[in-house]
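Student: Quick one: structure below, then a few questions.
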Amino acid sequence: MDKGSTVYVGKPLSPREDLALVQGQGTYVDDFHFAGMLEAAFVRSPHAHARIRAINLDAALALPGVCGIFVYSDLPTDARSFLPALGDPSLNIITDPILADGEVRYVGEPVAVVLAEDRYVAEDGADLVAVSYEPLPASVALERALDPDAPLVHPETGTNLVGERTWATGDVTGAFGNADLILKEVLRVHRGTSSPIETRGIVVFPETRTGFLMVWASTQSPHRVRDMLAALLRIPVHQIRVMAPAVGGGFGPKSGVYPEDFLIPWLAQRLGRPVKWIEDRREYLLCARQERDQVHRVEIALSRDGRILGLKDEFLYDVGAYSSTIISPWTTAYTIPGPYRISNLSLTLRLAFTHKVPTMTVRGAGRPQAVFVMERLVERAARALKIDPAEIRRRNLITPEDIPWDTGLTTREGERVVYECGNFPDYLNRVLEKIGYDRFRNEKKEAGRIRRGIGIASYVETTGMGPYEVARVALDSNGKVTVYAGTAPQGQGHQTVLSQICGEELGVDPAEIRVITGDTAFIPFGIGTFASRSGVTAGNAVSMAARSLGRRLREYASREFSCPADRVFLAEGKIHVEGEVPHVLSLSQFMGQLLQHRPERKQQIIGPPLLEESAVFTPDRHSHAAGAHAAIVEVDLETGGVKILRYAVVHDCGRVLNPIIVEGQIQGGVVHGIGNALLERVAYDENGQVLSGSFMDYLLPTAAEAPRVEIGLVETPSPVNPYGIKGVGESGTMPAPAVLMAAIEDALRPLDIFVRSVPMSPEELLNLIDSAKNSVAS
Amino acid sequence: MARHEIQVTVNGVQGVYRVEARKTLCDFLRHDLGLTGTHAGCEHGSCGACTVLVDSVPVRSCLMLAVQSHGSRIVTVEGLAQDGKLHPLQKAFADHHGLQCGFCTPGFLLTLVYLLGRGKRMGEEELRRELSGNLCRCTGYQKIVEAALDAQAAQAEEKS
C-alpha cells in the first residue's frame, strides 16, 4: 500500500481509548467487586535464604473475618510448582514453587496466602501468621554467584550456573591479531523494575454450577494465564475465560505468570467464592519480575583510523532464584553489534542463580544493556584514538549498500539476525542536525560549576517477534464491524490503530469499528503485548482478516447486483456498486438484504451470512527498527546533579500507523531509559535484603527530571511484513543510558571520566569527579 | 471493628456514612462509594494516582483516613465533567493524548485543577516542578505538560 493513498492509516487520530480514561471510567482489575468476594493477602519471606522450621496459623485463623490460610502442603500435589517451560535442555530450569516449599530463596517469596472478608482483615491475618525461619547464607552479588564457595540457591544442582551459551562469527583471533588498538572494559548495568503505576492483580469469579472460571487479570498476556490455569487446574480451556480489562501499564513483567495467578483461581474454584488479590507497591517492588543485572567483560579491537575489527564479550546475567523466565540475555547477545559493521565477534553468556527475585523482562528486555556496552566501547575508542564521537560512528555504521546485513548471530529461537532495511548513517546525521551537534562543539564552554556536554548513541531494535498473532474481523447483523485481536494492550492505543488498519481495508470510519482485545473468550489463541510486537503482528493479522472480509463483501455484492466484483468498492462505510444500475448501500442495509428471508432466492442465496474472517500472522523474520539519540546535559560539579537540557530522537519504525501514538511510545520509553541512567536501582544489602521497597527509595523519573523529547520520525517500510511495520515500544529506552553517560563525560572534560556502570547517582558521579581530579593532581 | 459516622459531600452529593477508623479515604471512595476513578498506585503517598480534592486542596487519599474527611467537600475525577461536558483539562488530556494506560490520569487531573485554579500562570519548568508529585510511567510526561499548558492558555483566554 502506498502511503499517500491511505485514508486512515498513518493519520494522527486522537486515541479513542482516552475519552473514557480521562473521566475515570476505565475498568481496572481492582474495580471489579462481587457479593461474597474474599480478598487475599500474602505472607512473604523476610529473608533472602532461609529454611522454614514451622508455620503457626492458630492466631491468624482465630481472627474474626479470616476465612482460610493456605500453605505449600495445602496445594494439590500435582500443582505445587509451575510446569517447566518448553525448550532449552542445556539450561538448568527450575520453576517457582507456587508457595515456598520449606525453603525461601528471595525476599518477598510467597509463603502463605490468607483469605478474609476484606483486605484489611486479610492483612491483619497475614501479620498474625507466625513463621519460624532458620536464616541461611545468601548468594547476593552476581559477580560472586559462581565462586566455588558461593551459597547455592538450589544445592541439588551442585552449582549456581544455570547455563552457558556462546556465539561466534568471523575470525576473532585474526581480528585481534591485526588490531592497532585493543581496549578492555568491565561494564555493568544494574537491576531495575518496570513499575507501572498499577500493580499486578487478579479477580476470579467461579460459576459453581458449571465449573466455569471468569478471571480478570492485570496481564499483558491473558492467553498465557489461561493456558497455565487449564494445565494446572486440569480443566478444559473453554471453561476458563481470562480477560485483561483496562491495564494500568505493564512494561514486561506482566507478560509472565506468577504463583498468585494460579493461587487465586485455585482458591476461588475450591471455595466456590469470588476471590480478589491486588498487589501492593511494596510487593511489586519485592516480587514482580525484574531485569537488567548484567556484567560484561568486553574487549574491542580497532584499527588506527577507528574501524572496529572485532569484539569479544563474556557476560554474566543474574537469573535470580528461579530460572523459568529467562528471556533477555539472548536478546542482549544479538543486539550487541547494533548498527555497526562488526564481522568478527565472539560472545559468551553465563547465567547465574542468586537469592534475588527472578528476572524476566523490563521495557527494552536485554537491549538497553547491549546498547550501553557497544556505545560505551565506541565512546572509549573515540577518546583513545582522538576521533570525534560522531565521526568514529560514521566510519563503522552499516550503510544502505551493506543491507541486507547478516550479523552472523541468531535469536534464541535460532533465527538468523539479518537487518532487512534501514539507513543508519542517515539517522545519525539527522539527529546531529536536530540537536545542533557541530554548533555545540564549536561553542565556548563554561568553566564554572555548571558544565554542559553532548552525547549521542545509535541503535537497532529487533522487533515484531512471533510466533504468531491472531485477529478476527466480523460484520454483525447491524452492519457494524468488530475487530478481535489476541493482543492485550496497556495503553498502546490498539483500539485506535487496529481500527485504523481495519477501516482502511473496509472503507469504514475507524470510529465506527469496535476493537476487542485481551479476552480469551473472543479469540482462542493469542500471544500478548510485549517486545514491541503488537503493531507488527496484530497489525498485519488485522489487515489480512479485514482484507479477506472486504473481498467477500465485494463478491457478495457482485452476485447480488450482477456486476463484476472489480466494480464494487468499499468506502465511507458503504458498498458502492458501479454496475449498469449503480447502487450505494450502507453496510447495515447490505446486511439487512443478505439476512432477509427470500424464498424465491433459495437456489441463488448470495452467500452464508456469517461474514467474518480470521487471520494468523506469522512473521517469518523480525523487522528491525533503528535510530539515533542525542542529548545535551548540564552537570553540577558540586552536587553531581545532572539536568537534561535537550533530548533528540530520530527513529525509523517503518510505516507509522498513528504518529501521536508513536510519539507517546518514544517519549515514555526515553524517560524510562533516563530512569535507568540516573535514578532507578533495585538495591540489596549483603544479606539480600531489599533496600528499595518503596517509591521513596526506588526513584522513578518525574515531570521535573523528564526533558521535552524532540522526535523526528523516518518511515522506511520493512519488507519482511506486508504492512511494512516495525515495533516502537522499547526503542526509546534502549540508548538513553548510553547517550546520557556520554553527555555527562563530555560536560566534565577535560577531566578524564569514563562511566562503567549505570545507574549513575549524583553521589557516584561526585566520586568519579573526585578521583579524576585527584589523578590530575597526582 | 468499631465504625464511626462521617458526613461528607462528594462531587456535590452530601451523605452520612459509617466507616472504620482505619479505612483510608481512597478505599472509602473506591469501595464504599464505588467511585473507582480514584486509583491506588503505591499506598504510601509517593505516586499521586489517588489524588483528590478535599476542600479544594489536593490530597493523597491513600494517606488520609476517611474519618479525617468528616465535614469536608471532596471532588474526585467523576466530579469533573459537568452536565455531560468534559472539564477543560479532561478535554485537553484527550486532545493531546496526555495519557496512555490512564491509571495515573485522575491524579494528574485533580492536581492540575488545583494548580490552574490558583490563577497563577506557570511556565513549563514551574509546571513540571509542580507536577513532580504525580508519577506517570507511560507518557514521559510531555503530552501531559502540553495538555496542561494548553488548558492554562485556554483558561487565560477565557478570562481576558
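So the sequence lines, in the order shown, correspond to chains A and B.
Going by our numbering, the first sequence opens with residue 1, and the numbers climb by one from there.
Going by our numbering, the second sequence opens with residue 1001, and the numbers climb by one from there.
All C-beta atoms, glycine included, are put in the ideal place defined by N, C-alpha and C.
(1) Looking only at its chain, what residues have a beta carbon closer than 7 Å to the beta carbon of A/Gly-26, apart from the 5 residues adjacent to it on each side?
(2) Which residues in the same chain have their Cβ closer than 6 Å to the Cβ of A/Gln-490, if we skip the five residues on either side of it in sequence?
(3) Indicate whether the contact test is met: 3 or more Cβ pairs, each with one atom in the region 452 to 461 of chain A and one in the region 315 to 332 of chain A, closer than 8 Å.
(4) Go ahead and label B/Ser-1160 buried or exposed: buried means 16 or more other beta carbons lie within 10 angstroms of its beta carbon, across all protein chains shown.
(5) DSSP puts A/Ile-454 in a beta bridge; with which residues?
(6) Say whether chain B places a C-beta atom closer than 8 Å to the C-beta of A/Met-214.
(7) Can you list, in chain order, the residues of the region 178 to 201 of chain A whose Cβ is nearer than 7 Å to any Cβ on chain B?
(8) If you draw a straight line from the alpha carbon of A/Arg-559 to that of A/His-583, how long is it in whole angstroms?
(9) Under a three-way DSSP split, which group does A/Val-616 fall into?
(10) Determine, using beta carbons only, whether A/Trp-377 comes closer than 8 Å to chain B.
(11) Give the C-beta separation of A/Leu-183 and A/Ile-336 to the nearest angstrom, bearing in mind that I take them to be a contact with Cβ-Cβ under 8 Å.
(12) I'd like the list of long-range same chain contacts for A/Arg-282, defined as Cβ closer than 8 Å, with 5 residues on each side in sequence excluded.
(13) Taking the alpha-carbon positions, what's the A/Val-204 to A/His-33 distance?
(14) Classify A/Asn-396: buried if its beta carbon has 16 or more other beta carbons within 10 angstroms, exposed otherwise.
(15) Helix, strand or coil for B/Leu-1149 per DSSP?
(16) Extract the residue ranges of the beta strand (DSSP E) inside the region 512 to 547 of chain A, only unbroken runs of 3 or more that lie entirely within it.
(17) Note down, one range per segment and in chain order, each beta strand (DSSP E) of at least 3 residues found wholly within the region 1050 to 1100 of chain B.
(18) Of the residues that make up the region 1121 to 1144 of chain B, which ones have a beta carbon closer than 9 Å to any beta carbon in chain A?
(19) Got a sec, what are the start and stop residues for the alpha helix (DSSP H) A/His-494 sits in?
(20) Looking only at its own chain, which residues have a Cβ that is under 6 Å from the Cβ of A/Arg-449, when we skip the five neighbours before and after it?
(21) Checking 8 Å against the spacing of the C-beta atoms, do A/Val-473 and A/Glu-572 come in under that value?
(22) At 3 residues or longer, and completely inside the region 253 to 316 of chain A: list those beta strand (DSSP E) runs for me, N to C.
(23) Closest Cβ-Cβ distance between A/Tyr-437 and chain B: below 8 Å?
(24) Measure the C-alpha to C-alpha separation of A/Gly-493 and B/Leu-1086 and round it to an integer number of angstroms.
(25) Find the residues of chain B that neighbour A/Ala-706, judging by a C-beta separation of less than 8 Å, and give them in chain order.
(26) To the nearest angstrom, how far is the alpha carbon of A/Val-656 from that of A/Val-508?
(27) Can you name, in chain order, every residue of its own chain whose Cβ lies under 7 Å from the Cβ of A/Ala-384, other than the five neighbours on each side?
(28) Within a Cβ cutoff of 6 Å, which residues of the same chain sit near A/Glu-103, ignoring the five residues on either side of it in sequence?
(29) Within 8 Å (strictly less), CB to CB, does A/Arg-281 reach chain B?
(30) Thinking C-alpha only, which one of A/Asp-31, A/Glu-109, A/Ser-731, A/Arg-241 is nearest A/Gly-338?
(31) Output the boundary residues of the alpha helix (DSSP H) element that contains A/Asp-227.
(32) Report the three-state DSSP secondary structure of A/Met-1 (helix, strand or coil).
(33) Assuming A/Met-37 and A/Pro-274 form a contact by the criterion Cβ under 8 Å, report the distance between their Cβ atoms to the nearest whole angstrom.
(34) Within the same chain, show all residues whose beta-carbon is closer than 7 Å to that of A/Leu-75, passing over the 5 residues directly before and after it, in chain order.
(35) List the whole-angstrom C-beta distance separating A/Trp-277 from A/Ala-60, where the pair is believed to meet the contact cut-off of C-beta under 8 Å.
(36) Buried or exposed for A/Glu-461, going by 16 or more other Cβ atoms inside 10 Å?
Tutor: Per the coordinate set shown:
(1) Ala-20, Ala-246
(2) Within the same chain, A/Gln-490 has close Cβ partners Val-247, Gly-249, Gly-250.
(3) no
(4) exposed
(5) BP columns for A/Ile-454 point to A/Ile-632.
(6) no
(7) Ser-195, Pro-196, Ile-197, Glu-198
(8) The straight-line gap from Cα to Cα measures roughly 13 Å.
(9) strand
(10) Note on residue identity: the sequence assigns Leu, not Trp, to residue 377 of chain A. Not closer than 8 Å to any Cβ of chain B, the Cβ of A/Leu-377 fails to qualify, so no.
(11) Actually they do not touch by this definition, with Cβ atoms about 15 Å apart.
(12) Closer than 8 Å at Cβ, skipping near neighbours: Gly-693, Ser-694.
(13) 10 Å
(14) Around the beta carbon of A/Asn-396, a 10 Å sphere encloses 16 or more other beta carbons of the protein chains shown; the residue is thus reported as buried.
(15) helix
(16) 514 to 517
(17) 1051 to 1054, 1057 to 1060, 1073 to 1075
(18) Glu-1124, Glu-1125, Leu-1127, Arg-1128, Arg-1129, Glu-1130, Leu-1131, Ser-1132, Gly-1133, Asn-1134, Leu-1135, Cys-1136, Arg-1137, Cys-1138, Thr-1139, Gly-1140, Tyr-1141, Gln-1142, Lys-1143, Ile-1144
(19) 494 to 506
(20) Leu-637, Glu-638
(21) no
(22) Here the runs fully enclosed are 275 to 278, 294 to 302.
(23) no
(24) 21 Å
(25) Arg-1128, Gly-1140, Tyr-1141, Gln-1142
(26) 20 Å
(27) Leu-181, Leu-183
(28) Arg-51
(29) Answer yes: the Cβ-Cβ gap between A/Arg-281 and chain B drops below 8 Å somewhere.
(30) A/Ser-731
(31) 222 to 233
(32) In this predicted model, A/Met-1 has a pLDDT of only 44, less than 50, meaning its place in the structure is not dependable; the value taken from the coordinates is given anyway. Of the three classes helix, strand and coil, the one that applies to A/Met-1 here is coil, per DSSP.
(33) 4 Å
(34) Ile-98, Leu-99
(35) In fact, because the Cβ distance is near 17 Å, the residues do not count as touching under 8 Å.
(36) buried
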